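Read the structure below first, then the notes.
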Amino acid sequence: MPYKIKNIELKTNNFKENFHYALKHFDYLLVPVTSKKNQDKKEIYETKILKELHHQFSILDLFKKEDFFGEKESNFIYYRLDVSNIIFFGVEEFDTKSNIELSFSKSLLNALKLIKKKHIKNIGIEIDSYVEIYQKPNLKSLLINLLISFQDFTYHSLEAKEIQKEIENLWILTQQDLPNEILNFGKFILDARSSTMDLVNIPANLKTTLTLVEKAKNLQNIGLQVSVVDDVEWIRKYMPCFYIVAKGSLLSDPPKWIKVQYVPKTEIKHKIALIGKSIIFDTGGYQVKPDSYMNTMKADMTGGATVLSIIEQVKKMNLPYLKISAYCAVTPNKIDSEAMLPDSIVESTSGKKIEIRHTDAEGRLTLIDALAMAEKDENDIFIVVATLTGSAARAVGPRIALMSTQKSIRDRFEKDCEEVSELVQSLEVDEEDYQDIKSKLDGADITNTGSEKYRGAQTAAAFIFSGLKDLKKPVLHLDIAGGDMNKDEKATGISVKGIMNFLWNLSKL
Ligand code: BES
Ligand code: ZN
Ligand code: ZN
Numbered sequence: 348m349p350y351k352i353k354n355i356e357l358k359t360n361n362f363k364e365n366f367h368y369a370l371k372h373f374d375y376l377l378v379p380v381t382s383k384k385n386q387d388k389k390e391i392y393e394t395k396i397l398k399e400l401h402h403q404f405s406i407l408d409l410f411k412k413e414d415f416f417g418e419k420e421s422n423f424i425y426y427r428l429d430v431s432n433i434i435f436f437g438v439e440e441f442d443t444k445s446n447i448e449l450s451f452s453k454s455l456l457n458a459l460k461l462i463k464k465k466h467i468k469n470i471g472i473e474i475d476s477y478v479e480i481y482q483k484p485n486l487k488s489l490l491i492n493l494l495i496s497f498q499d500f501t502y503h504s505l506e507a508k509e510i511q512k513e514i515e516n517l518w519i520l521t522q523q524d525l526p527n528e529i530l531n532f533g534k535f536i537l538d539a540r541s542s543t544m545d546l547v548n549i550p551a552n553l554k555t556t557l558t559l560v561e562k563a564k565n566l567q568n569i570g571l572q573v574s575v576v577d578d579v580e581w582i583r584k585y586m587p588c589f590y591i592v593a594k595g596s597l598l599s600d601p602p603k604w605i606k607v608q609y610v611p612k613t614e615i616k617h618k619i620a621l622i623g624k625s626i627i628f629d630t631g632g633y634q635v636k637p638d639s640y641m642n643t644m645k646a647d648m649t650g651g652a653t654v655l656s657i658i659e660q661v662k663k664m665n666l667p668y669l670k671i672s673a674y675c676a677v678t679p680n681k682i683d684s685e686a687m688l689p690d691s692i693v694e695s696t697s698g699k700k701i702e703i704r705h706t707d708a709e710g711r712l713t714l715i716d717a718l719a720m721a722e723k724d725e726n727d728i729f730i731v732v733a734t735l736t737g738s739a740a741r742a743v744g745p746r747i748a749l750m751s752t753q754k755s756i757r758d759r760f761e762k763d764c765e766e767v768s769e770l771v772q773s774l775e776v777d778e779e780d781y782q783d784i785k786s787k788l789d790g791a792d793i794t795n796t797g798s799e800k801y802r803g804a805q806t807a808a809a810f811i812f813s814g815l816k817d818l819k820k821p822v823l824h825l826d827i828a829g830g831d832m833n834k835d836e837k838a839t840g841i842s843v844k845g846i847m848n849f850l851w852n853l854s855k856l
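Number 856 marks the last residue of the sequence shown (our numbering); no jumps.
Next comes the structure, spelled out in structure tokens:
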């Protein structure tokens, strides 16, 4: 598990004592600060903690001397011999309108980068200053995103030559009413994130369908039910649309159909299907991706990595009332002499006949069958996670493009994402999108690309929804193509915290 924080503790009692202990014995103590405008002049916002530290160390005078006002993403390190160094990190001004919890975690990560090369055993962070500044921050989101910043700080991919950063103890100091239950939930999110990111970050030449199969099979060890179909004839017969994508790699890396099931110990109130796009590498097929468009396509299995990593933590959390099944139709989209040709017509699990207009729109071909299969299993809520379209990336950038067959469940999902500052924007799938994917060929019902230039994310969603027998079933479709990798081309773990919070809240209803 390549993020290394051995012990994370929430210190909500004896604030003063703990604070002073950390001040004496830790390597670093982090304190958020911010600036305020006083008649065009920048001033530091004097929180209680700052006043106290000023009392001890004349800290405000030092700030003045160095022109430090606590502006966003500016930092001030107060070095001290043999006792804790104090890192004051500037956060957004308090009258900001942006997502303050996310902006807090960004500023935190930015400050931590200053000590990337330092040896750190014990580190503490005080968040009550922040609460004092913003009055009512969302504490759940604040805590979860704080943990994520520390995780991103210590995370390195499996291929890293050496462990880059380790922390023994992280203390989160606050007098707020923050239950340990939320800290523990946050830790499960971190584990799901690192597992997802590890799988996605594996280099293209080392990644095969077996990468996800092994992940799934390992889940047997923690008591999940796992089935893996590697009988290619079975796949050809029952999931023909998935199969046609796999045709270009039957010899080099044949397809797998993975299903992992979690059954709660309690009664079952909801049956949830998590369906992850699991294209091991997307070359585009015969309509091959030009030039650098093919780069990052090792991440086209992010959906699969995400759902397998989430169901693992669901089991570890023992989430009540939800039966959860994860489905992955795993294959690369590659080319040999057997690979699918554009203008083919193929059956699908749903019975609809599919015209293939573009070999690079392969994700929806695998997902339409996967969703139809999940519907046969009598699930009642469906969540599709997919790096599906460049169109979604252009529309919403590094956020989740959320689409659904039902407005009410889409609203609920949005709210659950907001609660943990998972960024989503909803797109409407309209009748015109269903019209746009109607095939003009005599032998086919729908086609895998619309004929309009626009609304590519919505036509992809309409295509996948068309695999359902009952179009009114609640499907949440998350197109994560814009945010699955960051600018350094590392996995981000997008959608993990949002989906986990949705499941968590659903289990409490
Ligand atoms: N895997 C890609 C989508 C993608 C693009 C993910 C960029 C991450 C970053 C998908 O299979 C694809 O190629 N989609 C095409 C569809 C088109 C041919 C209709 C696209 O969006 O361009
Ligand atoms: Zn593609
Ligand atoms: Zn793809």
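Backbone N, C-alpha and C define an ideal beta-carbon position, used for all residues, glycine too. This structure is a prediction, so every number in the text was calculated from the model and none was measured.
Just checking my contact of residue i with residue j at CB under 8 Å: how many whole Å lie between their CB atoms?
{"i": "residue 623", "j": "residue 776", "result": "That belief does not hold up - the Cβ atoms of residue 623 and residue 776 are roughly 20 Å apart, past 8 Å."}
{"i": "residue 795", "j": "residue 810", "result": "6 Å"}
{"i": "residue 472", "j": "residue 519", "result": "6 Å"}
{"i": "residue 830", "j": "residue 746", "result": "6 Å"}
{"i": "residue 547", "j": "residue 602", "result": "Contact doesn't hold; Cβ gap of about 19 Å is too wide."}
{"i": "residue 490", "j": "residue 462", "result": "Rounded, the Cβ-Cβ distance is 21 Å, inconsistent with contact."}
{"i": "residue 791", "j": "residue 700", "result": "5 Å"}
{"i": "residue 566", "j": "residue 560", "result": "Incorrect: roughly 11 Å between the Cβ atoms, too far for contact."}
Ends of the alpha helix (DSSP H) at residue i?
{"i": "residue 535", "result": "527–548"}
{"i": "residue 806", "result": "803–812"}
{"i": "residue 565", "result": "556–565"}
{"i": "residue 511", "result": "From DSSP, residue 511 is part of no alpha helix (DSSP H); its letter is neither H nor E."}
{"i": "residue 623", "result": "Taken as a continuous stretch (DSSP letters only), residue 623 belongs to no alpha helix (DSSP H), being part of the beta strand (DSSP E) at 617–629."}
{"i": "residue 412", "result": "406–412"}
{"i": "residue 368", "result": "362–372"}
{"i": "residue 582", "result": "579–585"}
{"i": "residue 498", "result": "486–501"}
{"i": "residue 688", "result": "Here residue 688 belongs to no alpha helix (DSSP H), and DSSP marks it neither H nor E."}
{"i": "residue 817", "result": "No alpha helix (DSSP H) holds residue 817; DSSP gives it neither H nor E."}
{"i": "residue 722", "result": "710–723"}
{"i": "residue 461", "result": "It is not in any alpha helix (DSSP H) - residue 461 carries neither H nor E in the DSSP assignment."}
{"i": "residue 850", "result": "843–853"}
Bridge partners of residue i, per DSSP?
{"i": "residue 771", "result": "747"}
{"i": "residue 519", "result": "357, 472"}
{"i": "residue 797", "result": "DSSP output for residue 797 lists no bridge partner at all."}
{"i": "residue 382", "result": "391"}
{"i": "residue 425", "result": "433"}
{"i": "residue 785", "result": "793"}
{"i": "residue 375", "result": "432, 470"}
{"i": "residue 694", "result": "700"}
{"i": "residue 824", "result": "731, 750"}
{"i": "residue 607", "result": "573, 673"}
{"i": "residue 838", "result": "832"}
{"i": "residue 352", "result": "514"}
Can you tell me which of the options puts its alpha carbon nearest to the alpha carbon of residue i?
{"i": "residue 383", "options": "438, 840, 845", "result": "438"}
{"i": "residue 725", "options": "620, 563, 350", "result": "620"}
{"i": "residue 589", "options": "686, 451, 567, 656", "result": "686"}
{"i": "residue 641", "options": "845, 856, 836", "result": "836"}
{"i": "residue 688", "options": "827, 703, 774", "result": "703"}
{"i": "residue 555", "options": "521, 526, 512, 646", "result": "646"}
{"i": "residue 653", "options": "564, 372, 392, 734", "result": "734"}
{"i": "residue 817", "options": "770, 764, 610, 718", "result": "718"}
{"i": "residue 483", "options": "470, 499, 692, 448", "result": "448"}
{"i": "residue 458", "options": "427, 506, 758, 497", "result": "497"}
{"i": "residue 824", "options": "806, 832, 584", "result": "806"}
{"i": "residue 393", "options": "386, 387, 381, 403", "result": "381"}
{"i": "residue 780", "options": "764, 772, 797, 765", "result": "797"}
{"i": "residue 584", "options": "694, 414, 391", "result": "694"}
{"i": "residue 673", "options": "834, 453, 609", "result": "609"}
{"i": "residue 570", "options": "650, 784, 658", "result": "658"}
{"i": "residue 492", "options": "468, 466, 522, 540", "result": "540"}
{"i": "residue 407", "options": "538, 387, 435, 679", "result": "435"}
{"i": "residue 456", "options": "846, 377, 416, 626", "result": "377"}
{"i": "residue 596", "options": "853, 834, 632, 568", "result": "632"}
Got a sec, what are the start and stop residues for the beta strand (DSSP E) residue i sits in?
{"i": "residue 679", "result": "669–680"}
{"i": "residue 574", "result": "572–576"}
{"i": "residue 755", "result": "Not the beta strand (DSSP E): residue 755 falls in the alpha helix (DSSP H), residues 754–766."}
{"i": "residue 657", "result": "No beta strand (DSSP E) contains residue 657, which is instead part of the alpha helix (DSSP H) from 649–664."}
{"i": "residue 733", "result": "728–733"}
Just checking: is the beta-carbon of residue i within a distance shorter than 8 Å of some beta-carbon in chain C?
{"i": "residue 661", "result": "Among the protein chains of the structure shown there is no chain C, as only one such chain exists."}
- request: Could you please go through the chain and list the residues whose beta-carbon is closer than 5 Å to any non-hydrogen atom of ligand 3?
  value: 626, 629, 647, 710
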